[in-house]
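Residue numbers for the sequence shown follow this note's numbering, beginning at 21 and rising by one. Working notes for the structure below.
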Amino acid sequence: MIKHRTPEDSDLFDPRHYAAVRQPLLEAQTPPAWCYTSPAFYRREVERIFRREWQFLGRTEQVPAPGDYFALAFAGVPIVVVRGSDGALRAFANSCRHRGSMLLDEGNGNCKAIVCPYHSWVYALDGKLSGTPDMDRTEGFGAGDYPLHRVRLETWAGFMFINFDPAAAPLSVFLGDIDDKVGIYGLGDMVLARRREYPIACNWKLWVENAKESYHIATVHKRTIQRYASAKSAGYAVEPTIGEYCVTFARHDASMALLQGDSGFPVHEPLLGRREAAGTCAPLIYPSTYLACTIDCAWYLEVHPLGPSSMMLVHGALFPRERLGRPDFETLAANYYRRWDITTEEDIVASERQQKGLDSPYATPGRFSHREPLVHAIDNWILDRVLD
């Protein structure tokens with residue numbers, strides 16, 4: 021019986037186990053199955069990647085007014101993003117400085133102050149501790165010494181990013197020259213028209229890898245977007261970038277966000293006369309944020325890891341602001357939503373099947389196709405960070 025053997029945890033990150041993945045694309049092997057199933061490997065990813073690198077966390081229009089907030093757990097850390105009375109966006113640890121209670125339930129809301137549901141400690145929207153019942157007898161206690169712990173938050177083009185590492189370089193350094201690739205699309209002036217969440221029973225890397233290869237399109241999407249398979253494969257190559265991302269550009273006819281025969285919006289005016297009016301630019305911001313900027317809209321895939329074999333996908337639909345004022349916006353937007361809903365479900369089925377296959381003792385490394393250069397690049401970016 022041929023089967024894979026997961027090394028002991030103490031040996032799991034020995035670079036020798038991954039030497040075959042490090043070879044050039046057409047000589048390399050795919051990563052060992054344990055990279056997608058091992059709790060220890062996942063814990064190392066959380067420690068070395070998700071708690072050290074910049075992580076995408078949605079759009080600024082999700083918290084438009086003072087007091088608006090959303091709370092969630094990212095990579096196991098409860099956090100809250102809130103817009104202050106001064107209009108500034110801030111992120112905090114969602115944990116009371118008294119005895120650690122979670123302050124706000126996960127989800128969206130609006131508040132004038134953050135009040136702990138355990139002992140009613142009160143925090144202003146800027147994180148300062150402003151109310152402490154029955155603490156007047158506690159020696160040496162000062163409310164100014166106990167603000168909420170800040171989590172770094174910076175924005176780019178209307179997108180929010182957080183970083184748990186206080187020593188990390190600024191977001192602008194992390195993103196490098198990405199504006200040279202996608203600045204023409206005006207993402208900061210687009211509007212989030214729809215946001216959907218999908219719980220998926222697969223390792224987060226499987227979804228990211230799937231998003232950045234076209235090899236599967238003719239099979240998985242043969243009834244939906246197969247017409248883009250050849251165009252995407254022709255353009256899918258790792259292009260030179262400065263920053264922690266990779267990017268592709270694929271030339272094609274019509275909008276990549278529509279099924280064949282469906283009506284949509286005209287080409288976004290700033291793109292007219294440029295190559296962007298006849299194709300799609302698709303950056304992957306490492307480790308797990310996929311953007312697709314096409315001729316008439318954009319969309320993003322926001323990946324939240326939940327464990328070795330589970331994740332949450334957030335799909336966001338962006339349209340130029342002026343499109344939302346059209347009387348036929350909802351009618352036409354429904355065509356885009358249908359395309360995204362169908363193809364997302366197709367990818368979910370494929371990714372969950374892959375996860376089940378990788379759980380098998382017979383799952384051993386395979387080989388890369390020439391149409392999977394970005395899968396190889398993603399895998400090696402991850403190994404650069406998790407190996408000893």
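For glycine and all other residues, C-beta sits at the position ideal for the given N, C-alpha and C. Just so you know, these numbers come straight off a predicted model, no measurement behind them.
Per the Cβ contact rule, the segment 257-274 is not in contact with the segment 338-347 (fewer than 3 Cβ pairs under 8 Å).
The alpha-carbon separation between R25 and P381 amounts to approximately 8 Å. Within the same chain, S308, V323, P325 and M331 come within 7 Å of W224 by CB-CB distance, once the 5 residues on both sides are set aside. H288 sits away from L46, with the two beta carbons spaced by 8 Å or more.
Collapsing the DSSP output to three states places V142 in a strand.
The continuous alpha helix (DSSP H) containing Q374 extends over residues F349 to L378. For N223, no alpha helix (DSSP H) segment is defined, and its DSSP state is neither H nor E.
Within the same chain, P307, I402, R405 and V406 come within 8 Å of I69 by CB-CB distance, once the 5 residues on both sides are set aside. Judged by DSSP in its simplified three-state form, A188 adopts coil rather than helix or strand. Residue range I237 to V240 is occupied by the alpha helix (DSSP H) that includes T239. Pairing R103 with G87 gives a Cβ-Cβ distance under 8 Å. The alpha-carbon separation between L124 and G107 amounts to approximately 20 Å. For Y310, the enclosing beta strand (DSSP E) has its first and last residue at T309 to C313.
Rounded to the nearest angstrom, the gap between the Cα atoms of G164 and R117 is 11 Å. Relative to the Cα of A238, the nearest Cα in the group L291, D348 and R247 belongs to R247. Contact check for D29 against D408 fails: the beta carbons are separated by 8 Å or more. Rounded to the nearest whole angstrom, the CA to CA distance from A85 to K242 is 43 Å. In this structure, the straight-line span from the alpha carbon of E217 to that of F194 is close to 26 Å.
Segment contact: the segment 37-52 against the segment 135-155, fewer than three CB-CB distances shorter than 8 Å; contact not assigned.
Put simply, of R346, R110, T50 and S140 the residue whose alpha carbon is nearest the alpha carbon of G284 is R346. Contact between F76 and R170 fails: their C-beta atoms lie close to 19 Å from each other, not under 8 Å. Taking all protein chains shown into account, V228 has 16 or more neighbouring C-beta atoms within 10 Å of its C-beta and is therefore buried.
F94 counts as buried, since no fewer than 16 other beta carbons sit within 10 angstroms of its beta carbon. DSSP places P153 in the coil class of the three-state scheme, outside both helix and strand. Taking every protein chain shown into account, the CB of R64 has 16 or more other CB atoms within 10 angstroms, so this residue is buried. Rounded to the nearest angstrom, the gap between the Cα atoms of R214 and W141 is 35 Å.
Residue pairing by DSSP places G127 opposite A91 in a beta bridge. Contact between A221 and S329 is confirmed by a C-beta separation of about 6 Å, below the 8 Å threshold. Ranked by Cα distance from S371, the first of V240, I315, E73 and F61 is V240.
Three or more Cβ pairs closer than 8 Å define a contact, and the segment 314-322 falls short of that threshold against the segment 258-267.
Judged by DSSP in its simplified three-state form, V395 adopts helix.
Non-local beta-carbon contacts of L291 in its own chain, meaning distances under 7 Å to residues more than five positions away in sequence, involve I204, A297 and I315 in chain order. The shortest C-alpha to C-alpha distance from G196 to any of D154, W74 and G336 is the one to W74.
Closest in C-alpha terms to L226, from the list H335, R36, R71 and G377, comes G377. When secondary structure is reduced to three states using DSSP, A177 falls in the coil class, being assigned neither helix nor strand.
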